[in-house]
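Visitor: Quick one: the structure is below, questions incoming.
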Amino acid sequence: MPLSDNSTFGRYKVISKIGAGGMGDVFLGEDTKLERKVALKILPEKFSVDAEGLNRFRQEAKAASALNHPNIITVYEIGETDGAHFIATEFIDGKTLRERMDGDRISFDEVLSIVTQTAEALSAAHAAGIVHRDIKPENIMIRPDGYVKILDFGLAKLSENRGFTSDGEDATRKLVKTNPGVVMGTVAYMSPEQARGKDIDARSDVFSFGIVLYEILGGKVPFEGETMTDILAAILSNEPAPLTSLAPHLPKELQRIVSKTLKKQPGQRYQSTRDLLIDLKELHNELLVEAKLEQTAVPDRPEKSNSIRSKVSTSSSGIKDALLLTEFENTTGEPIFDQTLKQALAFSLAQSPFLDIFPETKVKETLGLMGRSFNERVTKELGYEICLRQRLKAFTTGTISSFGESYVLTIEAINARTGESLGRQFEQVNSREGVLAALGNAATGLREDLGESLSSIERYDMPVEYATTSSLEALEFFTLGYELQNTGKTLESIPFYEKALEFDPNFASVYSGLAVIYANTDQWNLASKMIIKAYDLIDNVSENEKLRITYFYYHFVTGEIDKVIDTLDLWRTTYPTHVVAIINLSDTYERTGRSEKAVEAADRALKIDTNNAVVYMNRAESLLSLSRYDEVKETCEDAFGKGLDGDSFHMFLYIVAFIEGRKNEMAKHVAWFSGRNDEYLALNLQTGVAAFRGQWRKSQDLAKRAIDLAVRSDAKEIAAQYAAAQALRIVFWSSPTGFPSSVDPRLNLVLKTQTNNALRIERSRSVLTSVLLALAAAGRESEVNAIINELKTNRPKDTIINEFWIPTARAAFELHRGRAKEAIEELEITERFEKSGDFYSAYIRAHSFLTLGKMSDAAQEFDKIINNRGESPLSSIYALAQLGKARATGSKAEYEKFFALWKDADKDMPALVAAQKEYKELGG
């Protein structure tokens, strides 16, 4: 319906027309009831008569209106007046990105701000299941204050619902301006799958956003052509010119990010906008820190300043400009102050987002390079030497002395080049109990001396006795445990942490430290219990520790992976120079199957701390998942070269030695565990090797020994996991096909014994999911439903349980019943976490395709297992996947590969007997 200025449209007063396009005219209006300005979009009549399209538009617009995000335009109303359908949204007084790009040059800082905010909005929409489908500069609005808003959610699909056909040129002209040689509008920003008219998902938005990134950085779109058909052909076939040819001074990391968004195959792009957003934020943070460093050089001559930038600067590397903490000079005659005061100072200063503490692990490495003992006390004189060697700009010193009942504390920050005092604090207390509080006050004063703003100090300054403990004894034992944990002696640190809790049961950091140890040793129930206790004390910790505990809570207790990543993102943003958040990000990526990202995160962590055992363990584990075996060995050797050691290194090296057939190396790493309290880990490795080889009897004997030893070592959850793993092996090995398709009374009896054994020891998350899959594959419906109900009751928000383990189990149950099509449908949701699931979803999908006679599809699924052995290098279904491929292809050569894998298998293994018969029938 035609509208004119100052006319009335329902309850809206039309002020003026502000735009027009294929989706209708846009007017600036006023809501006369709420007295606010709105943007009114009146849909053309052609959409009003398309009932199906109109209904879809309403559904998508309602979904978009439910998105409450600051970077997404707010939808006020979706309605109809006088037969005209309309949308009323907030009115954005600003310019589109297209207008900004056509105007004055946009600074690089503003570019990063715009694209990061856009990614924030897309990430929120994708998390809600909404795909924009029309990302382009015209749909990105920028307010004068720099705030970004994405427009037109839900409209693009309506305009492209018929896709492109043989007469696509005419359909295309409905979507874009057709001036010859001018590339504008929707087509130039389409993904390859969108251009083909195929179904699209969030990864299509990633591609479109990549085109916008390329254009804003390079000055033109990456895919050009004289006609719309030429543009589509370029999108489908051409590789864009390297950004370096258009903007040679761009950071390499940004060029990598853009290149990854523009991959033709959706599977090669960022798999979620959240991952893209994380990379953009990390780049932004690194560039901000580098910019600060250009302003922060310590002058060669003494110079007074109130700015932290002229004294102690921060660095994304966390090493070059970190603050070294030397030991306190203790003249009280009380040994308890020898280690505790330095740890308390570290706790207090770590609250600051602007100070970076030189890692203790790096201190020990430096001492080794200097030919000194790792355990030598770092005095003021030695502090100068370490700073000189590591090119650090400043260090702290401290003293404590006593006079009768009173104690006197001093702490000082010293310019390592000039010896000038950068700040000095003095505190006196009348009792031993007041020492920690006095130290916290002194640390706060030192932060101010070093130039941190009062507003920052007020925000990030909890008294140290509240943020940690008021007990010197508790702090002493915590310090001892923490040092052991940092050098890879994780299990050895537990008694010290437990002793700390005896002195202060409300010491939250001890519980979170124990949670890390239990998680790293796969004792998830214990990890959850510890972090719940820490979370209950979260109001009594610093902001830094609060973020750490919150991360652990979402990771170990609720299992909400997206919240885990959000928390880590906030943690890294708030404390950009702290390594712990990056280490945990590496772990999260690995546990969710994103091993490439895990390695990248570990590499960033190594730039901050090259002497942290956990970083090397994370890196080695992820490289193993990627089947990069030489790099696994190099990483472990690098750790050993720095005096680091730990069980994980020997486990990874044992596995690599097995893959490469080096028996002596295998024996060496098994021997390392001899006599240790975690010797059950070595027995489990040997169980895995026997199982991989198809040696059921030997694996069963080794598994029993591993279970017994783990129980005696009080590692009950690990023992239960070993029992559950045997249950899974029984199920898949019981059938000649590699998957049970009928009720087998003998299998049911053995399986019942094995699963009951596991559940009797521990009913943790990992145990329940393994038992669930075993029972589902065996067709045990009532028990399957009972465990699903238990998991949903205990962990209702657990992302991986809901998106991987439960649907995988349901698929296994459907396949057991002969419903292969339904099994494949159940597995549709599992793709996001498939690489973290020990091959099971791909294996079940492959067998489903075999059942349906889709041999090519089956072979492709089996190849996902065969070609990615590192993801689960001792998997008992790996050889069965090779057999499955042989059956799918009918290839004698593939059968021979299976026989090579199981050359030492028990001769009566059902799958082996069946394969030998099949091979003979092929003329073998």
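Heads up, the sequence shown is in my numbering, so the first residue is 12 and it goes up one at a time. Beta carbons: idealized from backbone N, C-alpha and C, even for Gly.
With DSSP as the reference, please indicate the residues paired to Asn341 in a beta bridge.
Guide: Ile411
Visitor: Under 7 Å Cβ to Cβ from Gln496, same chain only, skipping five residues before and after it: list those, please.
Guide: The answer, listed in chain order, is Ser504, Gly524 and Ile528.
Visitor: Based on the DSSP output, what are the partners of Ser432 in its beta bridges?
Guide: Ile425
Visitor: Among Leu739, Ser781, Ala139 and Glu204, whose alpha-carbon lies nearest the alpha-carbon of Val761?
Guide: Leu739
Visitor: At the level of alpha carbons, what is the spacing between Leu261 and Ala592?
Guide: 27 Å
Visitor: Using beta-carbon positions only, say whether Glu476 and Leu447 come within less than 8 Å of one another.
Guide: Taking 8 Å as the Cβ cut-off, Glu476 and Leu447 qualify as a contacting pair.
Visitor: Using the Cβ count rule (16 or more neighbours within 10 Å means buried), how would you classify Arg280?
Guide: buried
Visitor: Does the stretch 566–586 come into contact with the stretch 379–390, if we say contact requires no fewer than three beta-carbon pairs (one atom in each stretch) closer than 8 Å?
Guide: no
Visitor: Between which two residues does the beta strand (DSSP E) carrying Ala99 extend?
Guide: Ala95 to Glu101
Visitor: How about Ile572 and Ile811: do their beta carbons lie closer than 8 Å?
Guide: Taking 8 Å as the Cβ cut-off, Ile572 and Ile811 qualify as a contacting pair.
Visitor: With a Cβ-Cβ cutoff of 8 Å, do Phe507 and Thr479 count as a contact?
Guide: no
Visitor: Mapping DSSP to helix, strand and coil, what is Met866?
Guide: helix
Visitor: For Thr129, which three-state DSSP category applies?
Guide: helix
Visitor: In three-state DSSP terms, what is Phe38?
Guide: strand
Visitor: Quick one, which of Lys903, Lys914, His143 and Gly499 has its alpha-carbon nearest Leu933's?
Guide: Lys903
Visitor: Would DSSP call Lys52 helix, strand or coil?
Guide: strand
Visitor: Output needed for Ala449: all residues of its chain with C-beta closer than 6 Å, excluding positions within five of it in sequence on either side, in chain order.
Guide: Leu420, Glu438 and Val440
Visitor: Measure how close the beta-carbons of Leu335 and Phe406 come, nearest whole angstrom, since I'm counting them as under 8 Å.
Guide: 4 Å
Visitor: Tell whether a beta-carbon distance below 8 Å holds between Ile817 and Ile835.
Guide: no
Visitor: What are the boundary residues of the beta strand (DSSP E) that Ile161 is part of?
Guide: First-last of the beta strand (DSSP E) with Ile161: Val159 to Ile161.
Visitor: DSSP on Tyr225, reduced to helix/strand/coil?
Guide: helix
Visitor: Work out the CA separation of Val742 and Gly785 for me, nearest whole Å.
Guide: Residue identity check: residue 785 is Ala in the sequence provided, not Gly. Cα to Cα, Ala785 sits roughly 6 Å from Val742.
Visitor: So, using beta-carbon positions, are Ala631 and Phe669 closer together than 8 Å?
Guide: no
Visitor: Which one or two residues does DSSP pair with Glu335 in a beta bridge?
Guide: With the sequence shown as reference, residue 335 is identified as Leu, and Glu is not the correct amino acid for it. DSSP, once it has assigned bridges, lists Phe406 as partnering Leu335.
Visitor: On the three-state DSSP scale, how would you describe Val754?
Guide: Note: Val754 maps to coil in three-state DSSP.
Visitor: In the DSSP output, which residue or residues are listed as bridge partners for Thr19?
Guide: Lys24
Visitor: If you measure between the beta carbons of Thr100 and Ile84, is that distance less than 8 Å?
Guide: yes
Visitor: Using beta-carbon positions only, say whether Arg47 and Asp104 come within less than 8 Å of one another.
Guide: no
Visitor: Since Tyr87 is in the beta strand (DSSP E), which residue starts that stretch and which ends it?
Guide: Val86 to Thr92
Visitor: Grab the span of the alpha helix (DSSP H) containing Met239 for me, first residue to last.
Guide: Met239 to Ser248
Visitor: Per the DSSP calculation, Tyr963 is bridged to which residue(s)?
Guide: No answer is possible for residue 963: the residues shown for the chain start at 12 and end at 935.
Visitor: Please classify Gly140 as buried or exposed, where buried requires at least 16 neighbouring CB atoms within 10 angstroms.
Guide: exposed
Visitor: Between the Cα of Lys353 and those of Arg776, Phe489, Gln706 and Ala789, spot the shortest distance and give me the residue it belongs to.
Guide: Phe489
Visitor: So, using beta-carbon positions, are Arg443 and Tyr418 closer together than 8 Å?
Guide: Going by C-beta atoms, Arg443 is nearer than 8 Å to Tyr418.
Visitor: Our contact map puts Ser852 next to Thr603 with C-beta atoms below 8 Å; I'd like the distance itself, whole angstroms only.
Guide: With a Cβ gap of about 14 Å, Ser852 and Thr603 do not count as contacting.
Visitor: Assuming Met152 is part of the beta strand (DSSP E), what are its boundary residues?
Guide: Element bounds for Met152: Ile151 to Ile153.
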